[in-house]
Ligand code: PLP
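What follows is the structure, encoded as structure tokens:
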């Protein structure tokens, strides 16, 4: 169903928010109806620096004066791609030294799955229940929610889904497996953090059987969880890391990252084993470069920890609410879908934009910009608490 004001735009939901955005600035969206919304989901974990950060805008302007698209990926040397890949390699472990830029998250995962198959010569894949890796066919094949897969079958064969966070299940990862793909925290799965030590066990199992470990940090990356990358909590290094969302500072950009040795396998047999026209767009790379500088300079990962603490002190003791996640990637799990829906609606009417997670209708997503001021954070938390309050009495009776 299309909205009246956009009759020719495809919709994939019968219930789009449907408000028209006039402009966005810092933590705020300004609507054409005169309302101001605090963006408490950062465009789904994208606008970690808020909207239109001045340093990002300046980098975009500078790049506009040099060039836009000039050639398909990899043929010409484009300064903004080179510069950003150098910056990224500097903040990643030495074995993640080779970066392939894409346009989006799902395309990054497509590249990662193909790389794992090409490098190992194997075809089986392991993924986890309630995962979300994107909506193109390969990524959907490793997305652990059957209702999203069924209408689009057949998908990739030989994908095994295991329960996330389950130690015993890892024995299913054997020497026929090309790769295991996992999110450090399952975002769309409802901000689920696996038990301590599980990722270490997964890493060990993958190394023992020669399967590549792909970590999808498309949502968790770039400071959101309180570390620049969430794998830093686990003391492991993946074989392939996938990135997108906040990386582009508001511009579309994704990447799959691995070692130069592994990435070599996409060069030949056949040559150009993975090609993209717009991947690593020069304007997106320029924006990403500025965004990463801001993240590091302003210590936004640490700031995510602080935001998480404020949110926990607001909701941590609320009996009806189960708070999950890490840093500023949190979910409020409420007792029922109707309660969660009502809280989101009330907040929207009172000026705070929240949302659900794709696989968990009871979980409200909290992912504010990481540079949100204390004042705006408190304003939003006050509105959310007030929206939850009426349900306490109801829930306790
Ligand atoms: N992987 C994860 C963990 C995500 O959260 C998402 C998007 O929400 C994707 C992949 C897909 O990214 P994109 O929408 O850029 O294709």
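Numbering (this note's numbering), first residue to last: 17 to 413.
Glycine included, every Cβ here is placed at the ideal spot set by N, Cα and C.
Pairwise C-alpha distance: residue j and residue i
i: residue 297; j: residue 89; result: 8 Å
i: residue 219; j: residue 292; result: 30 Å
i: residue 261; j: residue 129; result: 19 Å
i: residue 42; j: residue 310; result: 14 Å
i: residue 94; j: residue 85; result: 10 Å
i: residue 352; j: residue 337; result: 11 Å
i: residue 137; j: residue 191; result: 11 Å
i: residue 44; j: residue 225; result: 48 Å
i: residue 365; j: residue 83; result: 42 Å
i: residue 114; j: residue 131; result: 12 Å
i: residue 165; j: residue 207; result: 21 Å
i: residue 92; j: residue 98; result: 11 Å
i: residue 230; j: residue 252; result: 12 Å
i: residue 76; j: residue 64; result: 17 Å
i: residue 277; j: residue 162; result: 35 Å
i: residue 211; j: residue 181; result: 6 Å
i: residue 350; j: residue 407; result: 10 Å
i: residue 32; j: residue 356; result: 17 Å
i: residue 223; j: residue 186; result: 12 Å
i: residue 28; j: residue 354; result: 21 Å
i: residue 257; j: residue 105; result: 12 Å
i: residue 363; j: residue 227; result: 45 Å
i: residue 395; j: residue 368; result: 9 Å
i: residue 96; j: residue 215; result: 34 Å
i: residue 23; j: residue 332; result: 44 Å
i: residue 160; j: residue 270; result: 21 Å
i: residue 404; j: residue 55; result: 18 Å
i: residue 14; j: residue 202; result: The question about residue 14 has no answer, for the chain in this structure spans 17 to 413.
i: residue 268; j: residue 402; result: 35 Å
Per DSSP, the bridge partner or partners of residue i
i: residue 340; result: 347
i: residue 299; result: Residue 299 pairs with nothing; no bridge assigned.
i: residue 106; result: BP columns for residue 106 are empty, so no partner.
i: residue 195; result: 141 and 228
i: residue 380; result: 348 and 372
i: residue 116; result: 272
i: residue 178; result: 144
i: residue 160; result: 145
i: residue 202; result: 208
Residue i at chain C interface by Cβ criterion, 8 Å
i: residue 22; result: Looking for chain C here will not work: only one protein chain is present.
Residues near residue i in its chain [Cβ-Cβ closer than 8 Å; skip 5 each side]
i: residue 371; result: 57, 60, 360, 380 and 381
i: residue 168; result: 153 and 156
i: residue 80; result: 299
i: residue 198; result: 143, 144, 147, 180, 215, 218, 229, 230, 231 and 232
Spatial neighbours of residue i in its chain, beta-carbon cut-off 7 Å, leaving aside the 5 residues before and after
i: residue 133; result: 139 and 194
i: residue 127; result: 116, 118, 272 and 290
i: residue 188; result: 142, 176 and 178
i: residue 109; result: 253
i: residue 393; result: 323, 326 and 384
i: residue 274; result: 112, 114, 131, 255 and 256
Spatial neighbours of residue i in its chain, beta-carbon cut-off 6 Å, leaving aside the 5 residues before and after
i: residue 397; result: 330
i: residue 40; result: 67
i: residue 205; result: 146 and 375
i: residue 46; result: 38, 39 and 52
i: residue 264; result: 300, 303 and 304
i: residue 48; result: 36 and 38
i: residue 70; result: none
i: residue 221; result: 186 and 189
- Quick one: complete alpha helix (DSSP H) runs, 4+ long, within the region 206 to 277? 214 to 225 and 247 to 250
- Any contact of the region 236 to 246 with the region 276 to 287, i.e. 3+ C-beta pairs under 8 Å? no
- How about the region 113 to 129 and the region 148 to 165: do they share at least three Cβ pairs that are nearer than 8 Å? yes
- Task: Evaluate contact between the region 334 to 343 and the region 157 to 174, counting only Cβ atoms and requiring at least three cross-stretch pairs below 8 Å.
- Result: no
- Query: Does the count of Cβ pairs from the region 371 to 381 and the region 312 to 325 closer than 8 Å reach three?
  - Reply: no
- Message: Restricting to runs no shorter than 4 residues, where is the alpha helix (DSSP H) found entirely within the region 21 to 102?
- Response: 58 to 61 and 70 to 80
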